[in-house]
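In the working numbering, the protein residues as written are 12 to 260.
In what follows, a structure is listed as structure tokens, so that the remarks can point back to it.
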Ligand SMILES: Nc1nc2c(c(=O)[nH]1)N[C@H]1C(S)=C(S)[C@@H](COP(=O)(O)O)O[C@H]1N2
Ligand SMILES: [Mo]
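And the structure:
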């Protein structure tokens, strides 16, 4: 059982509740109602599923023969391409932001951590699903190693790809961050991740929809708020297309 940073988690939930209420008091815009509905979904979903409820896991026989690539399927950055060609020997995963001990881990170090393997279903809002077997360390292990500070309310994933001229990023709350099925995967169906599926490292956050599953993760950042990141909505699709930040399944 992972030791949640309870006080910051509870403070975060209280702060979000307060923000949602004051918005509704201020104005009756569609935007604030939409935000309130989303907060409602998150709170109801959490209550029904239980904070650590598990997403279904499948057998190898149920795995999809191919796991398609969607969104970015390649990364233009020359350093990325050079590393991809050589198996990412100098690639580093950073853990930074509101942490006591910032980390910069090689792939070998990520692979040396205790591993979790899970066969899960990925659901994309564009109307397709795929079942795949993922392996990697739990995000909780990295956050514990970096010692997340009091006051961190969200974890942001910084990605190496640029889509429609913007850096892809995503964010999740501390419940999902410490969820046992939230892993940083380096392996899909027993093989190193192909480029199209997010090599060398991508998130699997199994209680969330496809667009939250950040690929090409180069940094994990603990933050108090994502207001100042991107357009402030907490993720690439949230910013460009108005997708809901909380995409719980
Ligand atoms: N960095 C990055 N992560 C991303 C995307 C992307 O374009 N860039 N697309 C998202 C979407 S919408 C989906 S459905 C999944 C697709 O994962 P896959 O390519 O492994 O099928 O990745 C998500 N994560
Ligand atoms: Mo998606």
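C-beta: ideal position from N, C-alpha, C; glycine also.
Quiz item: Where residue 208 and residue 96 are concerned, what is the direct C-alpha to C-alpha distance, given to the nearest angstrom?
Solution: Distance between the alpha carbons of residue 208 and residue 96: 16 Å.
Practice problem: Reducing DSSP to helix, strand and coil, say where residue 94 ends up. | Solution: Correct three-state label for residue 94: helix.
Quiz item: Just how far apart, CA to CA, sit residue 52 and residue 256?
Solution: 11 Å
Practice problem: Report all residues from its chain with a CB closer than 7 Å to the CB of residue 171; omit the five preceding and five following residues, and keep chain order. | Solution: 86, 88, 91, 227, 229
Quiz prompt | Pair within 8 Å by beta-carbon distance, residue 123 and residue 78 | solution = no
Self-check item: Within the segment 94-163, ranges of the alpha helix (DSSP H) (whole runs, at least 4 residues)
Solution: 118-123, 150-157
Exercise. Grab the span of the beta strand (DSSP E) containing residue 237 for me, first residue to last.
Key: Segment: none, residue 237 is in no beta strand (DSSP E) and carries neither H nor E.
Quiz item: Among the residues of its own chain, which have a CB less than 7 Å from the CB of residue 224, if the five just before and after it don't count?
Solution: 133, 213, 214, 215, 216
Practice problem: Give the straight-line distance between the Cα atoms of residue 50 and residue 153, rounded to the nearest whole angstrom. | Solution: 28 Å
Quiz prompt | Cβ pair residue 66, residue 218 closer than 8 Å | solution = yes
Exercise. Count the CB pairs spanning the segment 109-122 and the segment 239-246 that are closer than 8 Å, and state whether there are at least three.
Key: no
Quiz item: Is it the case that the CB of residue 91 approaches a heavy atom of ligand 1 more closely than 7 Å?
Solution: no
Practice problem: For residue 201, count neighbouring C-beta atoms within 10 Å of its own C-beta (all shown protein chains included) and say buried if the count is 16 or more, exposed if not. | Solution: Counting every other CB atom within 10 Å of its CB across the protein chains shown gives residue 201 a total below 16, marking it as exposed.
Quiz item: What's the gap between the Cα of residue 83 and the Cα of residue 174?
Solution: 7 Å
Quiz item: Mind checking whether the beta-carbon of residue 254 lies closer than 7 Å to any heavy atom of ligand 2?
Solution: Residue 254 Cβ: outside cutoff for every heavy atom of ligand 2.
Quiz item: Leaving out five residues before and five after residue 251 in sequence, what residues of the same chain have Cβ atoms less than 6 Å from its Cβ?
Solution: none
Practice problem: Within the segment 176-230, note down every full beta strand (DSSP E) run reaching 3 residues or more, in order along the chain. | Solution: 177-184, 193-196, 213-216
Self-check item: Close-in-space but distant-in-sequence residues of the same chain around residue 74 (CB under 7 Å, 5 per side omitted)
Solution: 130, 142, 143, 144, 200
Quiz item: In chain order, what residues of the same chain have a beta carbon less than 7 Å from the beta carbon of residue 101, not counting five sequence neighbours either side?
Solution: Excluding sequence neighbours, residue 101 sits near 94.
Quiz item: For residue 236, which residues of its own chain have a beta-carbon under 8 Å away from its beta-carbon, when the five flanking residues on both sides are left out?
Solution: 164, 165
Self-check item: Reference residue 234; option with closest CA among 253, 249, 196, 182
Solution: 182
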